[in-house]
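All residue numbers for the sequence shown refer to the working numbering, where the first residue is 4 and numbers rise by one. What follows is a set of notes on a single structure, which appears directly below.
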Amino acid sequence: MYKVVFLGNSNVGKTSLLTRIIQGEFNKYTVSTAGAAMQNYHYEIEGKSLDFQIWDTAGQEAYKSLAANYLRDATFAIVVYSIIDRTSFDELESWIKMIHDSDPNIQYLLVGNKTDLEKERQVTMNEALNKCEKLHAISVIEVSALTGYSIPNIFETIAEQELQPINQTSGSITIKAEKSEDPWKKNKNCC
Numbered sequence: 004m005y006k007v008v009f010l011g012n013s014n015v016g017k018t019s020l021l022t023r024i025i026q027g028e029f030n031k032y033t034v035s036t037a038g039a040a041m042q043n044y045h046y047e048i049e050g051k052s053l054d055f056q057i058w059d060t061a062g063q064e065a066y067k068s069l070a071a072n073y074l075r076d077a078t079f080a081i082v083v084y085s086i087i088d089r090t091s092f093d094e095l096e097s098w099i100k101m102i103h104d105s106d107p108n109i110q111y112l113l114v115g116n117k118t119d120l121e122k123e124r125q126v127t128m129n130e131a132l133n134k135c136e137k138l139h140a141i142s143v144i145e146v147s148a149l150t151g152y153s154i155p156n157i158f159e160t161i162a163e164q165e166l167q168p169i170n171q172t173s174g175s176i177t178i179k180a181e182k183s184e185d186p187w188k189k190n191k192n193c194c
């Protein structure tokens, strides 16, 4: 079983993303997580089954120090920011530092949530791409917990990393998104 920890500031939609992933739906009555919550998730790709233990951590400053405890024995971290909240994007470095301080072998990807609020966007895909490269993340994926846009790409990316042969590393970072006419929403190689 692979342990995956969701990290990020409060109100970026971590719990809503997890609900969308596990239950396939959006709950508009979701409340902020206090402490942490755990759910199991079964994922199949290319005829292989992977089981995940997913931890949803609180993003409030009062709980931030507790989030590091949940990184113990983690395989992956999903660091979530909101594309409509510049502060959540600017604070990605502090979350990545927490990961590195806990275990530098934890792989992580950046997830920009709330693409359904495009008109309120404060973080461009170019900025996200640059941050992904700077922070050495596996990938940056823009999603919408509300609409379900690009949600499957999160665990597809993690599964591909886990199933990748040990001696095969591409050295590149990719952006995953559903097919779209918008050139920023196509799969891209950022390096």
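All C-beta atoms, glycine included, are put in the ideal place defined by N, C-alpha and C. Model, not experiment: these values are computed from the prediction.
Distance, residue 5 Cα to residue 55 Cα: As a working mapping, residue 55 is identified with position 52 in the sequence shown. As a working mapping, residue 5 is identified with position 2 in the sequence shown. The alpha-carbon of residue 55 is positioned some 5 Å away from that of residue 5.
Residue of 87, 61, 108 minimising C-alpha distance to residue 126: Taking the sequence shown and counting its residues from 1, the one referred to as residue 126 is at position 123. Among 87, 61, 108, the Cα nearest to that of residue 126 is on 87.
Residue 165 versus residue 32: straight-line alpha-carbon distance, rounded: Here residue 165 refers to the residue found at position 162 when the sequence shown is read from its first residue. Here residue 32 refers to the residue found at position 29 when the sequence shown is read from its first residue. Taking the straight line from one Cα to the other gives about 34 Å.
Assigned secondary structure, residue 88 (DSSP; H/G/I helix, E/B strand, else coil): Numbered from 1 along the sequence shown, position 85 holds the residue referred to as residue 88. Correct three-state label for residue 88: coil.
DSSP beta-bridge partners of residue 59: In the sequence shown, the residue the question calls residue 59 occupies position 56. Secondary-structure assignment with DSSP links residue 59 through a beta bridge to 9, 40.
DSSP-derived helix/strand/coil call for residue 145: One-based indexing of the sequence shown puts residue 145 at position 142. Residue 145 carries a strand assignment under DSSP once its states are collapsed to helix, strand and coil.
In DSSP terms, what residue 116 is bridged to: Taking the first residue of the sequence shown as position 1, residue 116 is located at position 113. 85.
Buried versus exposed, by CB contacts within 10 Å (16 or more), residue 59: Looking up residue 59 in the sequence shown gives position 56. It counts as buried.
Residue 95 Cβ short of 7 Å to the ligand ZN heavy atom set: Questions concerning the ligand ZN fall outside what the structure shown contains, since it holds no ligand whatsoever.
Given residue 46 as reference, the closest of 112, 7, 100, 147 once Cα atoms are compared: Locating residue 46 in the sequence shown gives position 43, where the first residue counts as 1. From the listed residues 112, 7, 100, 147, the smallest Cα separation to residue 46 is found for 7.
Residue environment, residue 90, which counts as buried when at least 16 other CB atoms sit within 10 Å: Residue 90 sits at position 87 when you count from the first residue of the sequence shown. With fewer than 16 other Cβ atoms within 10 Å, it is exposed.
Validate contact between the stretch 106-115 and the stretch 131-147 using beta carbons, cut 8 Å, 3 pairs: Flag = yes, the stretch 106-115 and the stretch 131-147 touch.
Per DSSP, the bridge partner or partners of residue 76: Working through the sequence shown from its first residue, we reach residue 76 at position 73. Partner(s): none; residue 76 has no beta bridge.
Integer Cβ distance of residue 85 from residue 16, believed to fall under 8 Å: Reading the sequence shown from its first residue, position 82 is the one you call residue 85. Reading the sequence shown from its first residue, position 13 is the one you call residue 16. Sure, about 6 Å apart at Cβ, within 8 Å.
CA-to-CA distance, residue 148 to residue 120, given in whole angstroms: Here residue 120 refers to the residue found at position 117 when the sequence shown is read from its first residue. Here residue 148 refers to the residue found at position 145 when the sequence shown is read from its first residue. Note on geometry: alpha-carbon atoms of residue 120 and residue 148 lie some 11 Å from one another.
Neighbourhood of residue 49 by C-beta distance below 8 Å, restricted to the same chain and skipping five residues each side: Here residue 49 corresponds to residue number 46 of the sequence shown, with the count starting at 1. Excluding residues within five positions, the ones whose Cβ falls inside 8 Å are 166.
DSSP-derived helix/strand/coil call for residue 139: Position 136 of the sequence shown holds residue 139. Residue 139: coil per DSSP, three-state reduction.
Other residues of its chain near residue 51: CB distance less than 7 Å, five sequence neighbours each side excluded: Position 48 of the sequence shown, counted from the first residue, corresponds to residue 51. Contacts found: 166.
Check whether residue 57 and residue 80 have beta carbons under 8 Å apart: Within the sequence shown, residue 57 is the residue found at index 54, counting from 1. Within the sequence shown, residue 80 is the residue found at index 77, counting from 1. Going by beta carbons, residue 57 and residue 80 fall outside the 8 Å limit.
First and last residue of the uninterrupted alpha helix (DSSP H) at residue 156: Position 153 of the sequence shown, counted from the start, is the residue given in the question as residue 156. Unbroken alpha helix (DSSP H) run through residue 156: 155-166.
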